[in-house]
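To keep things clear, I will list the structure first and then write my remarks on it.
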């Protein structure tokens, strides 16, 4: 069957994929390798490429091509691919270039100042810049809302998590809100008597690096199609054919790097196992940010903190450093599952993490929709930290609303993906246990392939073939159901 | 004064520079980092970018813009910049795209087969592929010759070394041919009684790496604007703002990596010191390949093998490894200046190196011009190796005409740049000694800045402002004069 216009679109997207490859690798290089004096030239090169890709995605020929291709006799996957092309087209064309430029200037000014304002606890200074970031963010939300028909905040979130709405989130997080503070208290009471031996450092960086690579091998990362390097902020970049993961090391602590690497390995394997036949087409992209996070958290929390996995990880830890009592599997497991409310999101344990996200969601949604102003944030932050985690954060802006880079960078609508990812991960493992009754026995035996095979079949290979809800239903029999997350926490921690 | 068309051209070249930046970094990454399964995706991405840059350089608007800009009231540097733009335009537009594609296929097939044919000593197999590479190379030479009015070989060489001709080369190499074999014999006789202590390994790679970085610092490399990594074939890549040098290590030998790094540092400092105000414009590019080589050889041979430099390098070597007699400055100097005819160009010493180049030049010129055929190469190779270096190479193709990647890759006309670079380097140091009578005393004292300052003022900062001949005249009072090279060798080695 002849699909000439669809084919033209497909080759446009292949070109975007090839040029995006260079952008990804240069982005990784910037974080992992680039010396300081390279900054300006790299920024100019990246901006040139971004402008070029933007011109390709806003080519005036595209709307007509998309409309004509929709009339062609397409296969189901082609039709899904076309749906994703239209989605990308809509996202690229919704915003006038002048807004994009103003936003880049405002976020870059705000983010740059934030780097010193945070350590200086300078909330007033931050708000002076943030006001403009927010104003432009609200303009963006209004335009995206007009384009999609979604509520303003939902339209922002849709960029990262298509199909998710604040109505659903209100229900999901509203439920978690009810039981989480009580659960935290019960877990802490239970853990109060536990003896936990702290590992004694130092832990030489080279040994940590080798240990991280061993953990990645244990988790099936393909080193022929990727690598591990160091950057200030760990991430998983590169391209599906060549995944570039990063971590960071300190010599007085190793568990943070190790489990951070396990986390990024989940992102990495998702990317490495996207469907090869479709690479370059939007159909082959990871489904969404929550789905991506569901993979990193499947690796870090569901599998990585599973006693059966820890049993196999512990000997590698003991072999990497001098043997010590802290490295006994049972103790390592206790270290990895210790629950303690704290002020900092990125340091939070699996149980209290959701509280940090709910708090941010409950602030950024009304903020984007104009119901509150930046001045209102500190009081809301204090009240919610008290309510959710029983912590006093008054006057401590640097460990409060100044702790994250997301708001200075105008990434409104992103935070929920983290907790949605944790919920999906729990849902995947619940489905796995239904389908593979001896799952835990096999994990205890070190047969992790059973997990990877399930994820490959149900998540990785499906890429963007279905909407998130359909993907979840096909994989687990139901759309997102946070009850699995609660059940997981109660089972593991009570 | 209004120069609207020139300004348009300048911004086109700035865009080329920015996109070329990503291409350079991805090229470096490919050699230094990329895992094996990244090959195909990277090749596709690089080809996409090459096609994009080619489209920009063959934009049908350019000829008219170049002609109109030439009528605008330009400053002298702008006019020089426009001259270089026209040169780049001519090189990009001289060849039809079909030829470029056929050439890419033929060279990639030939080069790929060569990797196994060389170790297998399979000359006949090589010729089967090389015949097509040569046929396309001759087509290319004919087109470039028609475009430039130069002889065919000269038109090929002009891509790398603008302004150089085979008439000049015949005179230059004809002269060297007369005295070189005799000089080699005299040096060998002189060195026959010298006692040279060989260093005893192993030399741990991490210590070698640190030593190489120390040598780079001694040579003024700016690590804030570049780095040293490892690749199979050392090179100097990246961009002027962020120079990416590579080396390779073996643990039984350190001098090769160390002096290779000193060599690449010469390339690196040239790039790091190109005129900042003009970066992105062709005026700011390095002048030519021979000029580039003159910088690496100024570093490796003129300065790097200078007894005054070796005196300051030796303690770093002794500190990097266990102290041993081989690391005494006088012995290290003897190791670095040992002359011994050998079959392999890249392993050749400073004196015999030129023989390898003359041999290749005397074969590739008639080859390109259709005076000889690939079948004729082995006999010519054997005769010339005998004549120039007294070595028998019969039947040993792998250490003979199969040893270099240049011919399989159709880089005809490149080889002379290596020896021209050595000659220019000698000429720069002769000029330096005339201008700075205590040059050697200062080098002995460790004051290398005197060398760098001269090179910065006369070579690096001049970039492509002048033709090579004019640059040489402004720097040293005369165009290329190979007498300085001979004098340098006789002074150092007799």
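Residue numbers (this note's numbering), protein chains in the order written: chain X, 1 to 494; chain F, 1001 to 1494. All residues carry an ideal CB built from backbone N, CA and C; glycine is no exception. Remember, predicted model here, so these are calculated numbers, not experimental data.
Checklist entry - Closer than 8 Å, CB to CB, is residue 334 of chain X near chain C or not? => result Chain labels in this structure do not include chain C; the protein chains are X and F.
Next on the checklist: Using the three-state DSSP reduction, which class does residue 1453 of chain F fall into: helix, strand or coil?
Outcome noted: Residue 1453 of chain F sits in a helix when the DSSP states are folded into three classes.
Item to check | Proximal residues of chain F, C-beta to C-beta of residue 34 of chain X below 7 Å | outcome: Those are 1242, listed as they occur along chain F.
Next on the checklist: So, does the region 1466-1484 of chain F touch the region 1418-1435 of chain F, judging by three or more C-beta pairs under 8 Å?
Outcome noted: Verdict: yes, contact present.
Checklist entry - Where does the unbroken beta strand (DSSP E) through residue 245 of chain X begin, and where does it stop? => result Run containing residue 245 of chain X: 242-247, per the beta strand (DSSP E) assignment.
Next on the checklist: Against chain F, with Cβ distances strictly below 8 Å, would residue 195 of chain X count as a contact?
Outcome noted: By this cut-off, residue 195 of chain X is not an interface position.
Checklist entry - Does the distance from the CB of residue 153 of chain X to the CB of residue 365 of chain X come in under 8 Å? => result With contacts defined as CB atoms closer than 8 Å, residue 153 of chain X and residue 365 of chain X qualify as a contacting pair.
Checklist entry - Does the beta-carbon distance from residue 307 of chain X to residue 333 of chain X come in below 8 Å? => result Closer than 8 Å, so yes.
Checklist entry - In chain order, what residues of the same chain have a beta carbon less than 7 Å from the beta carbon of residue 1231 of chain F, not counting five sequence neighbours either side? => result 1031, 1032, 1246, 1248.
Next on the checklist: Given a cut-off of 8 Å on the beta-carbon distance, is the pair residue 1355 of chain F and residue 1303 of chain F in contact?
Outcome noted: Against a cut-off of 8 Å, the Cβ pair of residue 1303 of chain F and residue 1355 of chain F comes out as no contact.
Checklist entry - Just to confirm, are residue 1297 of chain F and residue 1464 of chain F a CB contact at a threshold of 8 Å? => result Pairing residue 1297 of chain F with residue 1464 of chain F gives a Cβ-Cβ distance that is not under 8 Å.
Item to check | CB contact flag (residue 1393 of chain F, residue 1343 of chain F, <8 Å) | outcome: For residue 1393 of chain F and residue 1343 of chain F, yes; Cβs fall inside 8 Å.
Checklist entry - Counting contacts by CB-CB distance shorter than 8 Å, is residue 54 of chain X in contact with chain F? => result Interface with chain F (8 Å Cβ-Cβ cutoff): residue 54 of chain X is excluded.
Next on the checklist: Within 10 Å of its beta-carbon, does residue 124 of chain X have 16 or more other beta-carbons around it, so buried, or fewer, so exposed?
Outcome noted: Residue 124 of chain X counts as exposed, since fewer than 16 other beta carbons sit within 10 angstroms of its beta carbon.
Checklist entry - Of the choices F:1004, F:1271, F:1037, F:1137, whose alpha-carbon is the least far from that of residue 1100 of chain F? => result The shortest C-alpha separation from residue 1100 of chain F is found at F:1137.
Next on the checklist: Is there a Cβ of chain X sitting closer than 8 Å to that of residue 1037 of chain F, yes or no?
Outcome noted: Taking Cβ atoms only, chain X reaches closer than 8 Å to residue 1037 of chain F, which makes this a yes.
Item to check | For residue 1385 of chain F and residue 1350 of chain F, believed in contact at Cβ under 8 Å, the rounded distance | outcome: In fact, because the Cβ distance is near 18 Å, the residues do not count as touching under 8 Å.
Next on the checklist: Helix, strand or coil, according to DSSP, for residue 230 of chain X in the structure here?
Outcome noted: For residue 230 of chain X, the three-state secondary structure derived from DSSP is strand.
Item to check | Contacting residues, own chain, Cβ-Cβ under 7 Å from residue 294 of chain X (five flanking each side not counted) | outcome: Result list for residue 294 of chain X: 421, 424, 425, 428, in chain order.
Checklist entry - Nearest-angstrom Cα distance between residue 188 of chain X and residue 1238 of chain F? => result For the pair residue 188 of chain X and residue 1238 of chain F, the Cα-to-Cα distance works out to about 53 Å.
Next on the checklist: List, in chain order, every chain F residue whose beta-carbon is nearer than 7 Å to that of residue 48 of chain X.
Outcome noted: 1015, 1018, 1019, listed in chain order.
Next on the checklist: Quick check: what's the CA-CA separation for residue 106 of chain X versus residue 400 of chain X?
Outcome noted: The straight-line gap from Cα to Cα measures roughly 22 Å.
Next on the checklist: Let me confirm a value: residue 201 of chain X is counted as buried when at least 16 other C-beta atoms fall within 10 Å, else exposed. Which label applies?
Outcome noted: Exposed is the call here.
Checklist entry - Is the beta carbon of residue 274 of chain X sitting closer than 8 Å to the one on residue 13 of chain X? => result No, Cβ-Cβ distance for residue 274 of chain X and residue 13 of chain X is not below 8 Å.
Checklist entry - With 8 Å set as the bound, which would you pick, yes or no: does the beta-carbon of residue 1224 of chain F sit closer than that to a beta-carbon of chain X? => result Chain X, which has a Cβ nearer than 8 Å to the Cβ of residue 1224 of chain F, makes this yes.
Checklist entry - Under a Cβ-count criterion, where at least 16 other Cβ atoms within 10 Å of its own Cβ denotes burial, should residue 390 of chain X be classed as buried or exposed? => result Taking a 10 Å sphere around the C-beta of residue 390 of chain X, we find fewer than 16 other C-beta atoms and assign the residue as exposed.
Item to check | Where residue 196 of chain X falls: helix, strand or coil (DSSP) | outcome: It is coil, neither helix nor strand.
Checklist entry - Since residue 1221 of chain F contacts residue 1276 of chain F with CB under 8 Å, what's their CB separation in whole angstroms? => result Your pair residue 1221 of chain F and residue 1276 of chain F does not check out as a contact, with CB atoms roughly 17 Å apart and the cut at 8 Å.
Checklist entry - Can you check whether the CB of residue 1348 of chain F is closer than 8 Å to the CB of residue 1327 of chain F? => result Using a Cβ distance threshold of 8 Å, residue 1327 of chain F and residue 1348 of chain F do not count as a contacting pair.
Next on the checklist: For the pair the region 207-214 of chain X and the region 249-258 of chain X, tell me if three or more CB-CB distances fall below 8 Å.
Outcome noted: Contact between the region 207-214 of chain X and the region 249-258 of chain X is established, with three or more Cβ pairs separated by less than 8 Å.
Checklist entry - What does DSSP give as the partner residues of residue 239 of chain X in its beta bridges? => result X:242, per the DSSP bridge assignment.
Item to check | Cβ-based burial, residue 1084 of chain F [other Cβ within 10 Å; buried from 16] | outcome: Counting Cβ neighbours within 10 Å, residue 1084 of chain F comes out buried, since at least 16 surround it.
Item to check | Spatial distance of residue 287 of chain X from residue 467 of chain X (CA atoms) | outcome: If you take the alpha carbons of residue 287 of chain X and residue 467 of chain X, they lie about 8 Å apart.
Item to check | Residues near residue 1072 of chain F by beta carbon distance below 7 Å, same chain, minus five either side | outcome: Sequence-distant partners of residue 1072 of chain F (beyond 5 residues in either direction) whose C-beta falls short of 7 Å from its own C-beta, in its chain, are 1003, 1005, 1006.
Checklist entry - Are the CB atoms of residue 53 of chain X and residue 16 of chain X nearer to each other than 8 Å? => result Yes.
Checklist entry - Nearest chain F C-beta to residue 239 of chain X closer than 8 Å, yes or no? => result Under the 8 Å criterion on CB atoms, residue 239 of chain X is classed as interfacial with respect to chain F.
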